[in-house]
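First comes the structure, then the notes that go with it.
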Amino acid sequence: MKWQMPKKLLGLAAVGLVAGAGYLALPQKTEAQGATIRIAYVDPLSGPMAGIGDTGLKNFQFILEQINAKGGANGKKLEIVPFDNKLNAQETIVQVQKAIDDGIRIITQGNGTAFAIAISEFVTKYNERNPGKEVIYLNYAAVDPILTNDKCSYWHFRWDANTEQKMAAITAFLKDRKDVKKMYLINQDYAFGQGVRALATKMLKERRPDIEIVGDELHPLAKVTDFSPYIAKIKASGADSVITGNWGSDIALLIKAAADAGLQVNFFTFYAGGTGGPTAVKQANLANRVYAVGEGFANIPHKESIEFEKELRAKYKLSLFYPRGVNQMRMLAEAINKAKSEDPKKFAAVLHDMKFEVYSGGQGYMRADDHQFMQPMYMAVFGPIKADQPFDEENTGWGWTIAGKVDPKETLVPTTCKMNKPS
Amino acid sequence: MSSTIKTYGIWIVAALLLLLFPYVFSAGASLTTMCLMGIMIIFALSYNMLLGQTGMLSFGHAVYYGLAAFVTAHTMNWAAKAGYPIPLPLIPVAGAATGLFFGIVFGWVSTKRGGTAFAMISLGLAELVYSSSLILRSFFGGEEGISADRTKLFRVFGYNFGPQIQVYYLIAFWTLLCVILMYAITRTPLGRMCNAVRENQERVEFVGYNPQFVRFIAFSLAGLFAGVAGSLAAINIELAQASFVGAGQSGVVLLAAYIGGVAFFVGPVLGAIVVTLLSIKLSDFSEIWLLYFGILFITVILFAPYGLSGLLMMHAQFWRGPLGSKIARFGRLLGAYVIAAIPALIMLAGAILLIEMIHHVAQKGAEGANMHFLRRSYLTVNTRSVLPWVGGLIALFAGFFAFRFTWPTVANAWHKALLDAQRSGK
Amino acid sequence: MAELIIISTLNGVLYGMLLFLMASGLTLIFSMMGVLNFAHASFYMLGAFLGFQISQWAGFFPAIILAPLIAGGLGALVERYGLRTVHKNGHVAELLFTFGLAFIIEEVIQMIWGKLAMDYRVPSLLDFSAFTIYATNYPAYKAFMLLFSILIFIGLIFLLTRTRAGLIIQASLTHPNMVGMLGHNVPRVFMLVFGLGTSLAAIAGAIAGAAFVTQSNMAALLGPILFVVVVVGGLGSLWGAFVASLLIGLLQTFAISSSWSLSKLFGTSFAPASGTILYDIWTVTIAQIGPILPYLLLVLVLVFRPTGLFGTRDT
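Residue numbers (this note's numbering), protein chains in the order written: chain A, 1 to 423; chain B, 424 to 849; chain C, 850 to 1164.
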């Protein structure tokens, strides 16, 4: 086979080889091992979800800064080390393996139940096969109930109320909303969305059997660019309220389409507060109609958390998306202090049934049966804020107003978890 | 005797190397990386059976990889539950069978056409399968996929394949086996006819063969080997998930095969190694690692269409004459390369610095002016000061011009080496 | 029911026309290169982001004029310095080049604008409800989009069949050597056609970006559907692209509004066991498989009628 001899690029090839050698020679981590307690943050840091991953990383960096300012844990500072999982299950496991190979023993992740399950199972198997080198997994946002039921693990701890609990909170709130009579369910067609619709159907029947479910829709995840056909269906059904677990572009587009069609319904959502959500709601001019459930909102009248939020926004120009992240990291630090050890086996035993005063005020505790954190939940509605409310979202001038508080008792759901406690 | 050694020697050397690698690369992450490389090598070679050998550009090769991974996960679960005496090392056979089966079924539809139509069909099929994976939950396990436990299978010689080193040897064995088999196929009449179909379909018909049938067989075999790769992937991470059949996975193998070079058998092997390394490590250095990947790809397409192996094989013509003169010749050539490499490196460094700084300024205003270049805290750069910008621009342009200046040096060195090689004869 | 059909038809036609805006550019480029431009959806995305950025500085209407001009210029440069270099390495290399280009454009956009959605709004001039059907408002902006797409289609047909430049372009597509011998600068024609194609994609992006979400995953969402449209319509045929865009737009929109499934049709008496593949197929609704239908159509067309519905060239 004859071909041209592009001499120029031979230099490039030489460059490649030299660069490769140089890269292999570069020291991988500059911090001396052991000087800080490192936590691996395995979430998407590139690609379409990178914004969410990046925001979470910054949230955690700030949270850890605050904890370190108060002394850190066991005399050492806490440090978060990002690993890009590229929104891929195989890659997630490779990055976790990389973190472990690098000596990190605390993994945290939240975006995507699929990856959470992959990590949880990997960590459990790893700990079984490598006694003495245990690794712990802190889950801050993957909400599928299965992680604290059939696929529970001693080494997995979850700080986000799971789907079942969030639906329990929503339906508890709806108990007093007599103006809600006809409900439409629209969700993303995958495990989470299907979970939301199944739970909504079940819990509405239990708590508000008078509400008629006039529609139950599943749409492909993150693929729909125009929700107007769905809005048309909602209108045709005569619903006055919508329950949706949609997040990301799916909630933003849904609300946009609703505004375009002039649809005036209540939206009871999980993730309308996510990035892009507030902007969409404001653009759609749906004042005081879009609700979200969560463990914390910026305008909750709790002095310490308001100070915290002010500092975060001033420094990073971001809102605190993960009040549960604060709980998680503070509890981690406290558990390490109580156990006087960085060994996950030791401080996991402390976290196992730990009680804690949560970020927004109130008592929470880690349920020992399934490692699900129980905490007070809130329902908030998005709309123009009053003078005494310090925070708006995404520079829209609108913010979250608390519409209701749900006691942890209302969100106590049963569990089928049978975890194997290590000896 | 010496020709036998030549023919088989290389495989023996390869086997020995594979045996010894874990002792040479003993860092913790190396074992994981080598396992992934082995899988990608089989996958990329199977892809090259289509692209490099038969001229079929497929955008959906991951379908066979992924489907085999799912069947493997299900097989592992079924064998473990029912207690059948199927040891883990035999499980990739199930993957191969799956790859072959779907290769035949989908290949029957796809290979009716060649060229761009084939590429589009492969794209369409891939999207179909991926979209179905979210609907057919019982087989694909929905978002979470299907997980398995490789230690629960029948044990041979007491190996439970829990430790990564055992998995490495399993993958190394299957990699060597598949590479030998795929190489052997290229030496058969079938392999030659595939090349013929790639070159000139019409003449193949004149000679009496049916190009569609040749493509069909090549496709099915490529599916078989992709199936082995998928199976090993499922064993390695004990999970099979929808992304295994996705566009991203198909894209990665295309990148790996092409960057390595589709014209030579060893090309995809090189490409698989490079791409695996890059995709694991690059994200540690920069958030925009995908951009660098893309730039690398475009550079290869524009300037080195035969890939890395093509670049290396260009030197094959210098491998002549007595050993002493060979060494001298390559030494001189290498010297010229080093002279060219220095300004080129400077140019690259300048370009990367500028790109990273633009990214920082555009996206990371909240972190302040200081940027950790390449995520190394000892390389902090103040993006608000003019110095790094000017420095980057100077490095870029001065580097480029100096690099151009060295081209004649390299050209001369080539010329001399060529003459020298021709003179020293065989 | 009638309301649903009318609204779905309107939405389907609108979506189809949007697809057509992009597909028309792609068809033109394919007729010229003989290779599908993978980066076409990326130029659509580029148009949306440029439109957003310019509208921040100069307002919406200047944005939809400037954005396609800039994108078209970029496209012309890409053709001149990129594609021409790769052309000698064959079709596969060209296809791969556009594939790599798509990659890079997406990454550069992410690098500059980030990964979050941009607050690209419909201009207040068009932000009202055009008409109301059965109590559902149809936004004026969507009507504007529809009108705009039709105008472009007419303009394109006019350009290609009635103007001298258009005739030269058509001739260059089929007989480049002859046209060159007649004294026209054929490489320059190719460069202009590529620029025209990409600017068509960009203008689609600039106006669609305000109605839908402007985010860095736009290209990945719309890209595959685009190829389906072009291939089903017939590579090289503008009418084919038009018909196919409408067909697929309507198909997807109507599929979404339908919640029929086999289980609904036949009831639970024949239901296969839960947890098996057959059960999944039994219970899946047409709405759920809506997004898959175009790909099914693609495979079927390619197998049985590879020139597409109106195609003039075999692939």
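Even for Gly, the Cβ is constructed at its ideal location relative to N, Cα and C.
What does the alpha-carbon distance come out to for the pair residue i and residue j?
i         : j        : result
Phe997/C  : Met967/C : 23 angstroms
Lys405/A  : Thr201/A : 22 angstroms
Gly1032/C : Val833/B : 41 angstroms
Leu468/B  : Ile428/B : 24 angstroms
Leu1151/C : Ser643/B : 20 angstroms
Leu995/C  : Leu204/A : 42 angstroms
Glu956/C  : Leu714/B : 5 angstroms
Ala836/B  : Met960/C : 40 angstroms
Pro433/A  : Gly530/B : For residue 433/A there is no data in the structure shown, the boundaries of chain A being 1 and 423.
Val1166/C : Phe879/C : In this structure chain C extends from 850 to 1164, so residue 1166/C is not present and cannot be described.
Ile527/B  : Val668/B : 17 angstroms
Met605/B  : Tyr470/B : 11 angstroms
Return the Cβ separation of residue i and residue j in integer angstroms, given the expectation that the two are a contact with Cβ distance under 8 angstroms.
i        : j        : result
Trp461/B : Val651/B : Residue identity differs from the one stated: residue 461/B is Gly in this sequence, not Trp. Rounded, the Cβ-Cβ distance is 11 angstroms, inconsistent with contact.
Ala348/A : Trp159/A : Going by Cβ atoms, the distance from Ala348/A to Trp159/A rounds to 14 angstroms, so no, they are not a contact pair.
Thr477/B : Ala686/B : About 13 angstroms; that fails the 8 angstroms criterion.
Val135/A : Arg105/A : 5 angstroms
Thr574/B : Phe688/B : About 36 angstroms separates the two Cβ atoms, so there is no contact after all.
Gly568/B : Ala656/B : At roughly 12 angstroms, the Cβ-Cβ gap does not stay under 8 angstroms, so Gly568/B and Ala656/B are not in contact.
Shorter than 7 angstroms from the beta carbon of residue i to some beta carbon of chain B?
i         : result
Ile93/A   : yes
Gly1072/C : no
Leu45/A   : yes
Ala942/C  : yes
Asn139/A  : no
Ala222/A  : no
Thr858/C  : no
Glu433/A  : What the structure shows of chain A is the stretch from 1 to 423, and residue 433/A is not part of that stretch, so it cannot be assessed.
Glu956/C  : yes
Met871/C  : no
Pro1036/C : no
Leu952/C  : Residue 952/C is actually Phe in this sequence, not Leu. True, the Cβ-Cβ gap to chain B drops below 7 angstroms.
Taking 7 angstroms as the threshold (beta carbon to beta carbon), is residue i in contact with chain A?
i         : result
Asp976/C  : no
Phe887/C  : no
Leu662/B  : yes
Thr1063/C : no
Thr803/B  : no
With a cut-off of 7 angstroms, does the C-beta of residue i fall near any C-beta of chain C?
i        : result
Asp189/A : yes
Ala236/A : yes
Val692/B : no
Pro229/A : yes
Gln786/B : yes
Leu734/B : no
Thr225/A : yes
Leu559/B : yes
Ala50/A  : yes
Checking contacts by CB at 7 angstroms: is residue i closer than that to chain F?
i        : result
Glu779/B : Of the protein chains in the structure, A, B and C, none is chain F.
Checklist entry - Going along the chain, which residues of the segment 1136 to 1147 of chain C sit with their C-beta nearer than 8 angstroms to a C-beta in chain A? => result Ala1136, Gln1137, Gly1139 and Pro1140
Checklist entry - Three or more beta-carbon pairs under 8 angstroms between the segment 714 to 732 of chain B and the segment 949 to 962 of chain C, yes or no? => result yes
Checklist entry - How about the segment 62 to 82 of chain A and the segment 313 to 330 of chain A: do they share at least three Cβ pairs that are nearer than 8 angstroms? => result Touching, yes.
Item to check | Residues within the segment 671 to 685 of chain B neighbouring chain A, beta-carbon criterion of under 9 angstroms | outcome: Gly671 and Gln672
Item to check | Cβ contact (3+ pairs, closer than 8 angstroms) linking the segment 882 to 899 of chain C and the segment 1056 to 1070 of chain C | outcome: Taking 8 angstroms as the limit for Cβ pairs, the verdict is that the segment 1056 to 1070 of chain C does touch the segment 882 to 899 of chain C.
Checklist entry - Per the contact definition of three or more C-beta pairs closer than 8 angstroms, is the segment 700 to 718 of chain B in contact with the segment 927 to 942 of chain C? => result Flag = no, the segment 927 to 942 of chain C and the segment 700 to 718 of chain B do not touch.
Checklist entry - For the segment 524 to 538 of chain B, which residues have a beta carbon sitting closer than 7 angstroms to at least one beta carbon of chain C? => result Val532, Lys535, Arg536 and Gly538
Checklist entry - Between the segment 602 to 621 of chain B and the segment 480 to 493 of chain B, do three or more beta carbon pairs fall short of 8 angstroms? => result no
Checklist entry - Does the segment 1043 to 1058 of chain C come close enough to the segment 869 to 877 of chain C to have 3 or more Cβ pairs within less than 8 angstroms? => result yes
Checklist entry - If you pair each beta-carbon of the segment 114 to 123 of chain A with each one of the segment 141 to 157 of chain A, do three or more pairs fall below 8 angstroms? => result yes
Checklist entry - Would you say the segment 178 to 189 of chain A touches the segment 231 to 246 of chain A, given that touching needs at least three Cβ pairs under 8 angstroms? => result yes
Next on the checklist: Does the contact criterion of 3 or more C-beta pairs under 8 angstroms hold for the segment 1088 to 1104 of chain C versus the segment 555 to 563 of chain B?
Outcome noted: no
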